[in-house]
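What follows is a short report on a single structure.
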Ligand code: ADP
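Residue numbers (this note's numbering): 20 to 368.
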């Protein structure tokens, strides 16, 4: 019966019970003849006791609730309680305790979520720092090795001195590439990247990237071409410089992991509201077990070839971040020793 009562109802019940007990006592005294009291007096006593008890209980309960709620609110609300938060602000006709309980539950739930998010970020940070230091260790170690060997006398040996310097320089280049890619990843992951969405021709942009990568392609005798029939000049809406980076990374990979003397083909497919861009090579391909992790940070399917080619293991991770920031998708198909196809979609202008 006393479940889910409002404080006002509780005061009412307590007052009624108190008045009834007092009247019952008077009645007993009357019966035993110890005390003479008329019916009208009994009613008057009942009304008086009820009123006094009701008022006393009402204010006592309100004060008690106020003291408790104030403490709870101080804990669960970050902002200061308003200065006019006084006992008379307690709504005695509502189920105030249930309301507070609900607020505390919501507060606890939110804190739980905040806590889980903090845990996730902390573990992400730990992994990130672990990955980065692991990646930086090798080139630093190599540079140290070459320089100390040179200092220990190899500098005067014309057979090795240039070679060691070149290797040290190559490792320094790799350090720089890692740091640059890390900066890009950091911006992307911190969500700081503001997309500069414009309309442009994806075919023209691909031609520009072909031109930029011409020398690298020539060094491996890889031909960079458009697939037959992929001459449509689709206009897309995206961040041009970011998509340039996506094309750069994918086409550069097709050169690095493609067959020497092979071919990289770029094709465009009209998919109603978007365009699918695909970059295919006829190179080493990727073992199916690696496909699910390929876009992870620092993941390399072919470690030695990636390092030899100056890879950072961050290229595809950057591709994924950029494409997803455009709310588009990226995918890969590959058959070992036949080649790989990387595809991503873009919104049509
Ligand atoms: P990396 O700097 O090592 O090239 P990426 O993130 O660009 O890093 O690529 C991750 C890994 O995916 C590479 O190390 C390589 O093993 C594999 N990979 C990427 N592109 C291709 C491709 N076109 N053919 C075969 N393997 C590829």
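Yeah, the Cβ is synthetic: ideal placement off N, Cα and C, and Gly gets one too.
**Asked** The alpha helix (DSSP H) spanning residue 181 covers which residue range?
**Response** 180-208
**Prompt:** Using CA coordinates, which residue listed in 342, 273, 62 and 43 is at the minimum distance from residue 257?
**Reply:** 342
**Message:** Taking 7 Å as the cut-off, is the beta-carbon of residue 276 closer than that to any non-hydrogen atom of ligand 1?
**Reply:** yes
**Request:** Check whether the Cβ of residue 323 lies closer than 7 Å to any heavy atom of ligand 1, and answer yes or no.
**Result:** no
**Prompt:** Excluding the five sequence neighbours on either side, which residues of its own chain have a C-beta within less than 6 Å of the C-beta of residue 361, listed in chain order?
**Reply:** 269, 298 and 351
**Item:** Unbroken beta strand (DSSP E) run spanning residue 78, endpoints
**Value:** Here residue 78 belongs to no beta strand (DSSP E); instead the alpha helix (DSSP H) covers 58-95.
**Prompt:** Taking the alpha-carbon positions, what's the residue 212 to residue 105 distance?
**Reply:** 47 Å
**Asked** Mind checking residue 306: buried by the 16 CB within 10 Å criterion, or exposed?
**Response** exposed
**Cβ-based burial, residue 177 [other Cβ within 10 Å; buried from 16]** = exposed
**Asked** Under the rule that 16 or more other beta-carbon atoms within 10 Å means buried, what is residue 261, buried or exposed?
**Response** buried
**Request:** Tell me residue 218's beta-bridge partners as DSSP assigns them.
**Result:** 256
**Asked** According to DSSP, which residues form a beta bridge with residue 349?
**Response** 363
**Item:** Own chain, CB closer than 6 Å to residue 112, minus 5 neighbours either side, in chain order
**Value:** 25 and 27
**Request:** With a 10 Å radius around its C-beta and 16 neighbouring C-beta atoms as the bar for buried, classify residue 392 as buried or exposed.
**Result:** Missing from the structure shown is residue 392; the chain here goes from 20 to 368 and no further.
**Prompt:** With 8 Å set as the bound, which would you pick, yes or no: does the beta-carbon of residue 165 sit closer than that to a beta-carbon of chain C?
**Reply:** Here chain C cannot be found, since the structure has a single protein chain.
**Request:** Note down, in chain order, each residue of its chain lying with its Cβ closer than 8 Å to the Cβ of residue 329, except the 5 sequence neighbours on either side.
**Result:** 189, 192, 193 and 196
**Asked** Distance, Cα to Cα, residue 291 vs residue 246?
**Response** 20 Å
**Asked** Counting pairs of beta carbons, one from the segment 64-78 and one from the segment 37-47, are three or more of them closer than 8 Å?
**Response** yes
**Item:** Start and end residues, beta strand (DSSP E) containing residue 244
**Value:** 242-245
**Asked** residue 300 by DSSP, collapsed to three states: which one?
**Response** strand
**Request:** Could you say which of 367, 84, 61 and 48 lies nearest to residue 251 if we only look at CA atoms?
**Result:** 367
**Message:** Taking 7 Å as the cut-off, is the beta-carbon of residue 398 closer than that to any non-hydrogen atom of ligand 1?
**Reply:** Lying before the first or after the last residue shown, residue 398 is absent from the chain, which here runs from 20 to 368.
**Item:** Beta-carbon proximity list for residue 235, same chain, < 6 Å, skipping 5 on both sides
**Value:** 274
**Message:** Given this structure, state the Cα-to-Cα distance separating residue 321 from residue 139, to the nearest angstrom.
**Reply:** 29 Å
**Asked** Three or more C-beta pairs closer than 8 Å, one from the segment 278-287 and one from the segment 229-244: is that the case here?
**Response** yes
**Prompt:** Using the rule of at least 16 other Cβ atoms within 10 Å of the residue's Cβ for burial, across every protein chain shown, is residue 50 buried or exposed?
**Reply:** exposed
**Request:** Give me the Cβ distance between residue 318 and residue 332, rounded to the nearest whole Å; I'm assuming they're in contact under 8 Å.
**Result:** 6 Å
**Item:** Backbone secondary structure at residue 278 - three-state DSSP
**Value:** coil
**Message:** Could you tell me the alpha carbon to alpha carbon distance between residue 210 and residue 311, rounded to whole angstroms?
**Reply:** 24 Å
**Helix, strand or coil at residue 290 according to DSSP, with G and I counted as helix** = strand
**Message:** Bridge partners for residue 284 per DSSP, in chain order?
**Reply:** 244 and 299
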